[in-house]
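J.:
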Amino acid sequence: MNLPVGQAGETGRNGTPAANRPFRLESTARAAAHEAGLGAGPARRGEAAGPLPREVEVLPEPLPALDEPGPGYGWLGAVVIVGLLAFWELVARLGWVAPLYLPAPTAIAQELVRMAASGTLGASLTASLSRILWGLLLGAAAGLAVGMAVGLSRVAEGALDPLISLLYPIPKIAVLPLFVLWLGIGEASKVAIIATGVFFPVAINTIAGVRQTSPLLIRAALSLGANRRQVVTKVVLPSALPVIFSGLRLGTGMALLLVVSAEMVAATTGLGFLILNAGDLMLTTRLMAGIVVLSALGILSTWLLRQLERWLLPWHEP
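Position one of the sequence shown corresponds to residue 1 (the numbering used here), numbered consecutively onward.
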């Protein structure tokens, strides 16, 4: 709110101006007028000082934005991880915890090398990756199609939105026995449960991304002669893609969870089966090696999706 020049509400000797409010000082106004050649001569009481500008705004210094470039602290994460691994190794080597319960990181690394040399790791990883990729492909395609339809059409919203709200809260692993009953114990039931888990986060994020598209952009495209298909492909979809990629990252994490669960219940190959079998035989080192591989898969999948997002959306920083 602008205050008139010289009003008592401004900063004085005993007061402080309100934060983020522009304020004006009479002396500042006279100085500006004098420099502009508007107020030649003295400015004592009773003497004309020439025409003055009505007000001179002095804005406070803005606070630095959180997203401004600055020193990064990503190295702290690496320091914490290295420190934890070193402490873990020390605990294992000193015998504070038995190797049956907590094998040393070096022992886990050696087990990974042995599994890779024997082909056990490669076979398990290939089986799990195949199921994850098929589930991701089917679930993401269905989620994208349904999300776009619900976001763009009132009819689709009325028909499908209640169904999504009804089915989404159900734990997906709880319906795995039903999928096994319907599709058998083979690959189809595992891919179906993974696709189901991927579908919901992709669909929900796609709906949110479509709905957050600015109406001004849509009206601008229509005023330039764009038809409905062009508005969807050139305006709505690019605007929604950052949110869709967030759904894909959530869906990828869900796929990793479900592939392990499905392979523990109804499989004879895969990382989930390897971990379950190692636990049954009390092979803790092999069990931990399988968990390390799953963690690496999660990190790699997130990194790949971020790189794809940067390539497709150069204007958006994920």
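Ideal Cβ placement from N, Cα and C applies to all residues, glycine included.
Just so it is clear, the structure is predicted and the values come from calculations on it, not from any experiment.
So the alpha helix (DSSP H) Met254 belongs to, where does it begin and stop?
T.: Start and end: Leu237 to Val265.
J.: Given this structure, state the Cα-to-Cα distance separating Gly270 from Ile173, to the nearest angstrom.
T.: Cα to Cα, Gly270 sits roughly 17 Å from Ile173.
J.: I'd like to check one pair, Ile194 with Ala339: are the Cβ atoms closer than 8 Å?
T.: Within the shown structure, residues of the chain are numbered from 1 to 318, placing residue 339 beyond reach of any answer.
J.: Quick one: what does DSSP say Leu94 is sitting in, helix, strand or coil?
T.: Coil at Leu94, not helix or strand.
J.: Should Ser128 be labelled buried (16 or more other beta-carbon atoms within 10 Å of its own) or exposed?
T.: Classification for Ser128: buried.
J.: Under 8 Å, do Gly272 and Val259 count as touching if we go by C-beta distance?
T.: Yes, they are a contact pair.
J.: The alpha helix (DSSP H) with Gly290 in it runs from where to where?
T.: Note, Gly290: alpha helix (DSSP H), Thr284 to Leu312.
J.: Let me check understanding here. Comparing Cα to Cα, which of Ala78, Ala266 and His316 lies closest to Val180?
T.: Looking at the Cα atoms, Ala266 is the closest of the given residues.
J.: Are three or more beta carbon pairs between the stretch 233-245 and the stretch 164-171 nearer than 8 Å?
T.: Segments in contact, no.
J.: Are there 16 or more other CB atoms within 10 angstroms of the CB of Asn227, so buried, or fewer, so exposed?
T.: With fewer than 16 Cβ atoms within 10 Å of its Cβ, Asn227 is classed as exposed.
J.: Going straight from the alpha carbon of Pro201 to that of Arg229, what length do you get?
T.: In a straight line, the C-alpha of Pro201 is about 25 Å away from that of Arg229.
J.: On a Cα-Cα basis, can you pick out the residue from Gly74, Pro99, Thr106 and Ser239 that is closest to Trp315?
T.: Checked all of Gly74, Pro99, Thr106 and Ser239; the closest Cα to Trp315 is Ser239.
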